[in-house]
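Residue numbers (this note's numbering), protein chains in the order written: chain A, 110 to 460; chain B, 2 to 281.
Read the structure below first, then the notes.
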């Protein structure tokens, strides 16, 4: 075995150690919310000390004791810091995490596998916030998410409009001229179709953009690259071969931030959801309520609900305490069924 | 030259090549910058300086075909990223050399014009590859090549479907050793008779001496060239390649002022004599 190969293996193990410690601390944070108090959570972590029994005898048991003492101390510091958690769907480095950081970079982003997990665990109190994509100007509505929004009692407390910029990423030190396969989510591959064709790269669908980046960092197939965010490049120590590889630069995804408590500050925007009776002109009469008060609608979306009729999502500009908005909400409530003000909040935009 | 189906003049309109807002083949373009991209600082500062002096495009090599394999070979991909950054910062389009057919598509992602260097004028695999590219090509004349051989190299690119070729006379090898090469200025009007493509000169490589760059650049204006490509470095004494022939930003600025005056003079001359081959 060559010395470079050994070095590569070593740095891969160091990388894994760091990622595992990160993941461990995230679990501690989730545990905190399920346990009644934090000391109990720490006791749980002490079990880790038993792991030294698994050692092959090469390492001094005293080292393990000191190492875990350090890990536990850091775990306790993290618990005592009262970090606020925001859940997102995907692996670390997903565009949802980019959006979460845009919304509030003091929050700790926690990855979830499914959108349902975000809603369920946020409702259960494990997280403080959850962020989900609701629409993309090229790919349309995120249907799965809107179904969940329809059935939740959580409040919308923020929104992020994110310009999606894709990067072509490859393992450090690879020869970009040898690349021929590119892993990513189908939507990202589709959005970079011309770029891939120009450079004779073969698109290979993968479950997630950041997941593809993670795979490249951990177990890269030969001559492979991934399409993911710049954040993913940083988190997985990948080389950015090319930034902004999307075929059209207007690629915007809108995210909503949910919480158990409504936003208390003054907001710029409101989101409502409602159903109407199956009669001619009912939706028109609701829209008229906003039109006659010159309230600017920014989004309208319809979705079949479980009752076999339709639910409508409506976003508009203004704060719920503005008098004309108040009047409009009162009037709209009377014209609809299952009316709910999901939240009044501020929206952030990021290039 | 019957077989030059696409490169020959044959009564064709002069080709004007648009690179962002710059039109080559119309007016006098000045492409300036360092021989090699060495660092972000070097490239960004030099780019800013040449822009202030009036350059219309940037040059800088990321892949360097050096005589010795032990000389600095260029920063490669990293160099391309720096060039793109300098281009975004100044708004000037970028010309950079490509030496390997496998790099062509990647250089197209970062640069606005692909340069084929003198040593590669007859690298037919490379010519075919840039002939398929979606970016204009700046084709330098081989240092041992006749005009006829040059025309056939052009034909290689055009016949692959890329109509946008800019020619560059950069000096040829003669018995003279005082200058790095001998600038064949007659190639400018000659190639204008033989071909419909725009032609610029490279006074830096042609002479290898800063003191000769300005006189040759002014001569190029008078010979009817469509522009020059010239090496400028913010600290020539620290350059990693061709340091003996780079102009300082101050020397470049002075030269630019003279060029502008001379271009204006020729514009007048053209009006007066209605000389169809001069620039507007």
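Using N, Cα and C, we set each Cβ at its ideal position, and we do this for glycine too.
Being a predicted model, the structure only gives us computed values, none of them experimental.
Nearest-angstrom Cα separation, counted from residue 134(A) out to residue 187(A): Reading the first chain from its first residue, position 78 is the one you call residue 187(A). Reading the first chain from its first residue, position 25 is the one you call residue 134(A). Rounded to whole angstroms, the separation of the alpha carbons of residue 134(A) and residue 187(A) is 8 angstroms.
- Task: At 3 residues or longer, and completely inside the region 102 to 146 of chain B: list those beta strand (DSSP E) runs for me, N to C.
- Result: Counting only runs of 3 or more, we get 114 to 117 and 138 to 141.
What's the call for residue 317(A), buried or exposed, on a 16-neighbour Cβ count within 10 Å? For the purposes of this step, residue 317(A) is taken as the residue at position 208 of the first chain. Buried.
What does DSSP give as the partner residues of residue 242(A) in its beta bridges? For the purposes of this step, residue 242(A) is taken as the residue at position 133 of the first chain. Within the DSSP bridge table, the entry for residue 242(A) names 364(A) as partners.
Give me the DSSP bridge partner(s) of residue 264(A). As a first step, residue 264(A) must be located in the first chain, where it is residue number 155. According to DSSP, residue 264(A) bridges with 368(A).
query: Checking contacts by CB at 8 angstroms: is residue 350(A) closer than that to chain B?
result: Locating residue 350(A) in the first chain gives position 241, where the first residue counts as 1. For residue 350(A), the answer is yes, since a Cβ of chain B falls inside 8 angstroms of its Cβ.
List, in chain order, every chain A residue whose beta-carbon is nearer than 9 angstroms to that of residue 205(B). Within the second chain, numbered from 1, the residue matching residue 205(B) stands at position 204. Those within 9 angstroms of residue 205(B) in chain A number zero; the least Cβ separation is about 29 angstroms.
Quick one: residues in its chain with C-beta nearer than 7 angstroms to the C-beta of residue 120(B), no 5 flanking neighbours on either side, listed in chain order? As a position in the second chain, residue 120(B) is number 119, starting the count at 1. Excluding sequence neighbours, residue 120(B) sits near 66.
Q: Could you give the DSSP three-state label for residue 214(B): helix, strand or coil?
A: Residue mapping note: residue 214(B) aligns to position 213 of the second chain, counting from 1. It is helical.
| Cα-Cα separation between residue 34(B) and residue 193(A), rounded to whole angstroms | For the purposes of this step, residue 34(B) is identified with residue 33 of the second chain, where counting begins at 1. For the purposes of this step, residue 193(A) is identified with residue 84 of the first chain, where counting begins at 1. About 50 angstroms.
Let me know if residue 306(A) comes out buried or exposed under the rule of 16 or more other beta-carbons within 10 Å of its beta-carbon.
To locate residue 306(A), count along the first chain from 1; it is residue 197. Exposed: under 16 other Cβ atoms inside 10 Å.
Going by the DSSP bridge assignment, what does residue 455(A) pair with across the sheet? The sequence position of residue 455(A) within the first chain is 346, counting from 1. In the DSSP output, where bridge partners are listed per residue, residue 455(A) has 267(A).
query = Exposed or buried, which one is residue 187(B) when buried takes at least 16 other CB atoms within 10 Å?
reply = Your numbering for residue 187(B) matches position 186 in the second chain. Label assigned to residue 187(B): exposed.
Would you be able to state if there are at least three C-beta pairs under 8 angstroms between the region 265 to 274 of chain A and the region 176 to 187 of chain A?
no
Residue environment, residue 370(A), which counts as buried when at least 16 other CB atoms sit within 10 Å
Position 261 of the first chain, counted from the first residue, corresponds to residue 370(A). Of the residues assessed, residue 370(A) falls on the exposed side of the cut-off, its CB having fewer than 16 other CB atoms within 10 angstroms.
Exercise for the section: Can you tell me which of the three DSSP states residue 339(A) falls into? Expected result: Residue mapping note: residue 339(A) aligns to position 230 of the first chain, counting from 1. If DSSP states are grouped into helix, strand and coil, residue 339(A) belongs with the helices.
Q: Put residue 154(B) into one of helix, strand or coil per three-state DSSP.
A: Against the second chain, residue 154(B) aligns to sequence position 153. In the structure shown, residue 154(B) sits in a helix (DSSP, three-state: H, G or I).
Spell out a yes or no on whether the region 350 to 359 of chain A and the region 319 to 329 of chain A are touching, meaning 3 or more CB-CB pairs, one atom from each, closer than 8 angstroms. Put simply, the region 350 to 359 of chain A does not touch the region 319 to 329 of chain A. Fewer than three CB pairs are less than 8 angstroms apart.
Under the three-state reduction of DSSP, which class applies to residue 279(B): helix, strand or coil? Your numbering for residue 279(B) matches position 278 in the second chain. Note that residue 279(B) scores 48 on pLDDT, short of 50, meaning its location in the model is unreliable; the coordinates nonetheless yield the value given after this. Coil at residue 279(B), not helix or strand.
Proximity of residue 298(A) and residue 240(A) at Cβ, strictly below 8 angstroms
Here residue 298(A) is taken as the residue at index 189 of the first chain, counted from 1. Here residue 240(A) is taken as the residue at index 131 of the first chain, counted from 1. Going by C-beta atoms, residue 298(A) is not nearer than 8 angstroms to residue 240(A).
(Q) So that I know if they touch, is there some Cβ in chain A lying closer than 8 angstroms to that of residue 161(B)? (A) Within the second chain, the letter at position 160 stands for residue 161(B). So, not an interface residue.
| task | Within its chain, find whatever has a CB closer than 6 angstroms to the CB of residue 197(B); leave out the 5 residues flanking it on each side and keep chain order. | result | In the second chain, the residue the question calls residue 197(B) occupies position 196. Counting only Cβ-Cβ distances below 6 angstroms, and skipping sequence neighbours, we find 10, 13, 15 and 16.
How big is the Cα-Cα spacing for residue 284(A) and residue 347(A)? In the first chain, the residue the question calls residue 284(A) occupies position 175. In the first chain, the residue the question calls residue 347(A) occupies position 238. Pairing residue 284(A) with residue 347(A), the inter-Cα distance amounts to about 13 angstroms.
Start-to-end residues for the beta strand (DSSP E) that takes in residue 90(B) = Position 89 of the second chain holds residue 90(B). Premise fails: residue 90(B) lies in the alpha helix (DSSP H), 78 to 91, not in any beta strand (DSSP E).
Inset, instruction - Could you tell me whether the Cβ of residue 151(B) comes closer than 8 angstroms to any Cβ of chain A? - result: As a position in the second chain, residue 151(B) is number 150, starting the count at 1. So no, residue 151(B) is outside the interface.
Worksheet item: Of all the residues that make up the region 295 to 325 of chain A, which are near chain B by a beta-carbon distance shorter than 9 angstroms?
Response: 304, 307, 308 and 309
Check whether the region 387 to 404 of chain A and the region 286 to 303 of chain A are in contact - that is, three or more C-beta pairs closer than 8 angstroms. no
**Study point:** Own chain residues within Cβ distance below 8 angstroms of residue 234(B), not counting five before or after
**Key:** Counting from 1 along the second chain, the entry for residue 234(B) is found at position 233. The residues 35, 36, 43, 47, 240, 244, 247, 248 and 249, in chain order, have a CB closer than 8 angstroms to that of residue 234(B) in the same chain once the five nearest residues on each side in sequence are set aside.
Can you pull the DSSP bridge partners for residue 169(B)? The count along the second chain starts at 1 and reaches residue 169(B) at position 168. Paired residue(s): 141(B) and 201(B).
Practice task
Would you verify that the beta carbon of residue 242(B) is, or is not, closer than 8 angstroms to some beta carbon of chain A?
Solution key: Taking the first residue of the second chain as 1, we reach residue 242(B) at position 241. It does not: the Cβ of residue 242(B) has no partner Cβ on chain A nearer than 8 angstroms.
#### Entry: Residue of 84(B), 18(B) and 45(B) minimising C-alpha distance to residue 236(B)
The count along the second chain starts at 1 and reaches residue 236(B) at position 235. Per the Cα distances, 45(B).
Original post:
Thinking C-alpha only, which one of 75(B), 203(B) and 22(B) is nearest residue 38(B)?
Top reply: The residue labelled residue 38(B) in the question sits at position 37 within the second chain. Comparing Cα-Cα distances from residue 38(B) to each of 75(B), 203(B) and 22(B), the minimum goes to 75(B).
* Are the beta-carbon atoms belonging to residue 54(B) and residue 84(B) less than 8 angstroms from one another? -> Along the second chain, one-based indexing puts residue 54(B) at 53. Along the second chain, one-based indexing puts residue 84(B) at 83. No; because the gap between Cβ atoms is not below 8 angstroms, this pair is not in contact.
I want to verify the contact list: residues of chain A whose CB lies under 9 angstroms from the CB of residue 154(B), in sequence order. Here residue 154(B) is taken as the residue at index 153 of the second chain, counted from 1. In chain order: nothing, as chain A lies at least about 24 angstroms away.
Chain A beta carbons: is any one of them nearer than 8 angstroms to that of residue 22(B)? The sequence position of residue 22(B) within the second chain is 21, counting from 1. Taking Cβ atoms only, chain A never reaches closer than 8 angstroms to residue 22(B), which makes this a no.
Taking only beta carbons into account, state which residues of the region 92 to 113 of chain B come closer than 8 angstroms to chain A, listed in chain order. 101, 103, 104, 106, 107, 109, 110 and 111
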